[in-house]
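Participant: Heads up: the sequence shown is residues 1 to 252, going by the UniProt record's numbering.
Starting off with a structure, shown below.
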Amino acid sequence: MMRPKDPPRNGLEHSHEPDDIAARLDGGPSVSYLRDWVYGGIDGAVTTFAIVAGSLGANLSASIVLILGLANLLADGFSMAAANYSGTKAETDDYRRLKRVEEKHIELEPEGEREEIRQIFRAKGYEGEELEALVAMITSSHRTWIETMMLEEYGLSKVQRSPLRAALSTFAAFVLCGAVPLLPFLFGAPASAGLTTTVMTAAAFFGIGSAKSRWSTQSWYASGLETTAIGMSAAGIAWLVGYLLHGAFGVG
1 MMRPKDPPRN GLEHSHEPDD IAARLDGGPS VSYLRDWVYG GIDGAVTTFA
51 IVAGSLGANL SASIVLILGL ANLLADGFSM AAANYSGTKA ETDDYRRLKR
101 VEEKHIELEP EGEREEIRQI FRAKGYEGEE LEALVAMITS SHRTWIETMM
151 LEEYGLSKVQ RSPLRAALST FAAFVLCGAV PLLPFLFGAP ASAGLTTTVM
201 TAAAFFGIGS AKSRWSTQSW YASGLETTAI GMSAAGIAWL VGYLLHGAFG
251 VG
């Protein structure tokens with residue numbers, strides 16, 4: 001019978017039993033798309049609410065607010081996703097290019113590449129027989145040799161993010177969070193729609209920030225308040241611009 005896993009002790013987040021370690025390492029390093037979700041979510045809520053706030057400042061009708069908001073939700077969301085796809089793909093392409101460069105160097109100038117490994121680890125404090133043994137061990141495995149050079153010379157990890165998943169994460173978060181400011185206008189746009197959408201969007205900002213704290217050292221309420229302050233500041237600027245344009249040019 002398999003014994004149940006012991007709960008983490010001393011504040012540790014995972015078990016250090018040999019079998020658990022082996023199972024965890026067997027899957028390899030995980031790829032995180034957290035930044036894509038956070039970036040897309042915050043930007044979606046900020047830009048859509050900024051449009052709503054600016055439109056309300058300009059005293060535009062509810063139908064126009066809804067049209068502008070939905071147009072932004074889809075067009076800007078797609079634009080951000082496409083840009084994230086291109087940027088992430090450029091990173092993965094650059095990794096492959098540099099990897100081929102290192103493979104060629106190892107093939108043509110192995111002693112020069114060994115000397116690079118030697119100098120890298122000498123700078124870390126290794127010397128003498130210990131250094132030479134470390135160089136021999138690393139360069140005895142072609143994969144380890146390449147990965148070490150990629151990390152130490154270029155600062156690039158073998159864990160590469162998928163451009164498609166990064167783009168989809170950004171788009172999904174953008175649409176989900178960006179739709180929040182439009183909800184009051186989708187359900188009749190009552191007279192209090194401005195206040196309602198403000199409260200709902202502030203809650204969305206706080207929720208994004210609180211969720212983000214799961215992967216940071218900030219407390220959930222500090223992270224939530226920080227994100228709320230950033231988002232509402234952007235919305236306040238948009239409202240002020242709309243209000244001033246309405247007063248100066250009679251927009252709306």
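Quick reminder that beta carbons are idealized off the backbone N, C-alpha and C, glycines included.
To which residues of the same chain is L131 closer than 7 Å at the C-beta, ignoring the five residues directly before and after it?
Facilitator: Taken in chain order, the residues that qualify are R118, F121, R122.
Participant: Please list the terminal residues of the continuous alpha helix (DSSP H) segment that includes F174.
Facilitator: 163-178
Participant: Compute the distance between the beta-carbons of Y243 and A62, then report whether it is under 8 Å.
Facilitator: no
Participant: Do P181 and G54 have their C-beta atoms within less than 8 Å of each other?
Facilitator: no
Participant: Decide yes or no for the touch test of the segment 160-171 against the segment 81-100: beta carbon pairs closer than 8 Å, at least 3 of them.
Facilitator: Counting C-beta pairs closer than 8 Å gives three or more between the segment 160-171 and the segment 81-100, which meets the contact rule.
Participant: Measuring CB atoms only, is the segment 28-48 touching the segment 170-180, in the sense that at least three cross pairs come out at less than 8 Å?
Facilitator: yes
Participant: Following the continuous alpha helix (DSSP H) through S55, name the residue where it begins and the one where it ends.
Facilitator: 34-57
Participant: What distance in whole Å lies between the Cβ atoms of K99 and I146, which are believed to be in contact at a cut-off of 8 Å?
Facilitator: Contact between I146 and K99 holds, since their C-beta atoms are separated by about 6 Å, short of 8 Å.
Participant: DSSP three-state call for F187: helix, strand or coil?
Facilitator: coil
Participant: Among S192, R35, V135, F185, which one has its Cα closest to the Cα of I67?
Facilitator: F185
Participant: Alpha helix (DSSP H) containing A123: first to last residue?
Facilitator: Run containing A123: none; DSSP gives neither H nor E here.
Participant: Indicate the three-state DSSP secondary structure (helix, strand or coil) for L60 in the structure shown.
Facilitator: coil
Participant: I need the DSSP call for K89, collapsed to helix, strand or coil.
Facilitator: helix
Participant: From what residue to what residue does the alpha helix (DSSP H) around G128 run?
Facilitator: 128-139
Participant: Do L225 and M200 have their beta-carbon atoms positioned less than 8 Å apart in this structure?
Facilitator: no
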